[in-house]
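Down below is the structure, laid out as C-alpha cells.
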Amino acid sequence: MSESVPHPRLALLPCIGALVLSAAGCAPASDATPAAAPGRQDLRERLRQELGDGYDAAIPAATPVEVIRGAEIYEVLCSGCHGPQGQGDGPAGRRLGAPPPRFSRGFFSDRATLEIIRRGVPGTPMIGWGNMLDEEELLQVFQHVRSLSGADGGAEDRR
Amino acid sequence: VSRTGTLRAAVLLLAAAAVAPGCGSSSTGFRGLPYPDPAPPADFALSDQHGAPFRLSDHRGKIVLLFFGFVHCPDVCPTTLATWSKVREQLGQDASRVAFVFVTVDPERDTGAALREHLAVFGADFVGLTGTLEELDPVYESFGIFHEKMRFGASANAYIVDHSTRVLLIDAQGRLRLSYGFETSSGNLLHDLRLLLEE
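Sequences listed follow chains A and B, in order. All letters in the first sequence, in the order written, are residues 83 to 241 by my numbering. All letters in the second sequence, in the order written, are residues 5 to 203 by my numbering.
Here it is as C-alpha cells:
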C-alpha cells in the first residue's frame, strides 16, 4: 500500500463535464435504473442471519495508516456515488435510481458495513469490492466509511 | 472510472458544447457528435456474457450503442448503463431495434459471470462483451478507445481503468454515425434514436 492515489485528477472529469454542459445550458437529466434495491430492513436481516453474533462485534478504531489509506481508496472507488462526505450525493450517485445511503445518518453495524463493502448489494449498482481489494484495504475503506457515519444520527441507522 | 485522460474527454466535451450551443442540436439535427464521413467500422467478433459469439456485422438492421467500460468502474460506467436503462424503457417496443453493447476494458476481471451479474441490474438484454487481449486490442484500436490501468494499492487487483467514456452509435446500415459524452441525458439519446429509427 505504498503507492499514491491518482484520484484528485481523476475526480475532476465529472465536474468538468457537468460544468461544460451546464455552461451550455444542458445540465444532464437524472437517469434512473429500474433495478429495485433490496429494502434496508431485508438487507439488515439477511446480514444479521449470516453473521450471527458477529453482527454486533465492534471493529477496533482506525490506525493512522487506515485513516489515510481508507480516505484515499474511498475517494477513488466510492465518492463518485456516495459523495465525498458520504451524503449519497456523488455525481454518479445522483444519476442512479435510488440514491446511495447517507452514511452521515449512521449506517449498519461495523461488521455488516464491512460485508457490504466486500460483497456489494446484489441487484443494485453497488458491486462488491472483495475481488479487487485485499482484507487490509477493505478494512481501510470500512474505517473511512465509519468515520463518515453518525454525524446526523446514531452509530447504526435503524430505519 | 473513466476519463479518457481527463484532458482528452474535457476537450471533447468542450468541442461538443461549442458545436452545439443550443443544448446539443447540431446542423444535422442530431444531439450527438456526428462522424464527418459515416462508414462501417472494422468488424469484430467477441464473446457475450453468456459465452455466445457476437459479431458486430450480424447486427446490421439494428442500431448499436457501443460503450467501453468495466464492471468495477466507480462512476462513468454505471451512470452510462443507468442512462441506457432509461432509454430502453422509454423506447418501448422499439427497444428491440436497438442493441445496447458494453465492451469490457478489463478482461482480466470481467468474466462472463461478472458481466452477467452487473448488466442484469440495468437491462436484461444488454450485451456484455469480452475476449482475450488479442481479440480486444484491435477493437479498441479501430474505435480509438483509450484504456490504461491505474493502480491505487498494493494488491494485484487494486486498479481501476482509465478509459474513453463516449458512447458510440452505429446506425442500422452499419455505419459509425454519432458519439455522445458520458453526461448525455437519456432524452438526448432518445431524440437521436427516434430520428434514426425513422430513417
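Glycine included, every Cβ here is placed at the ideal spot set by N, Cα and C.
If you look at residue 195 of chain A, you'll find it in the alpha helix (DSSP H) that goes 192–201. Judged by DSSP in its simplified three-state form, residue 73 of chain B adopts strand. Among the CB atoms of chain B, one or more fall inside 8 Å of the CB of residue 209 of chain A. Contact annotation: residue 197 of chain A and residue 129 of chain A have beta-carbon atoms nearer than 8 Å.
Between residue 49 of chain B and chain A, the shortest Cβ-Cβ separation is not below 8 Å. About 6 Å separates the CB atoms of residue 53 of chain B and residue 123 of chain B; that is less than 8 Å, so the two are in contact.
Interface annotation, residue 67 of chain B: not in contact with chain A, CB-CB separation never under 8 Å. Secondary structure of residue 92 of chain B (DSSP, three-state): helix. The DSSP-derived three-state label of residue 159 of chain A is helix. Residue 116 of chain B: member of the alpha helix (DSSP H) spanning 116–126, first to last residue. Assignment of residue 183 of chain B by DSSP, reduced to helix, strand and coil, places it in the strand class. For residue 190 of chain A against residue 126 of chain A, the beta-carbon gap comes to about 6 Å, under 8 Å, which counts as contact. Distance check between residue 88 of chain B and each of B:60, B:38 and B:173 places B:173 closest, using alpha-carbon atoms only. Cβ-Cβ separation between residue 200 of chain B and residue 175 of chain B: approximately 6 Å, consistent with a contact (criterion under 8 Å). Going by beta carbons, residue 207 of chain A and residue 82 of chain B fall inside the 8 Å limit. Listed along chain A are 158, each with a C-beta nearer than 7 Å to that of residue 164 of chain B.
In summary, residue 171 of chain B is buried, with 16 or more beta-carbon neighbours lying within 10 Å of its beta-carbon over all protein chains present. Note that the C-beta distance between residue 104 of chain B and residue 74 of chain B is not below 8 Å.
DSSP places residue 135 of chain B outside both helix and strand once states are collapsed to three, so it counts as coil.
In the DSSP assignment, the residues bridged to residue 153 of chain B are B:165. Using a Cβ-Cβ distance cut-off of 8 Å, the region 56–72 of chain B and the region 96–116 of chain B are in contact, since at least three pairs of beta carbons, one from each stretch, lie closer than that value. The beta-bridge partner set that DSSP reports for residue 51 of chain B consists of B:57 and B:134. In the displayed model, residue 108 of chain B falls within a strand according to three-state DSSP.
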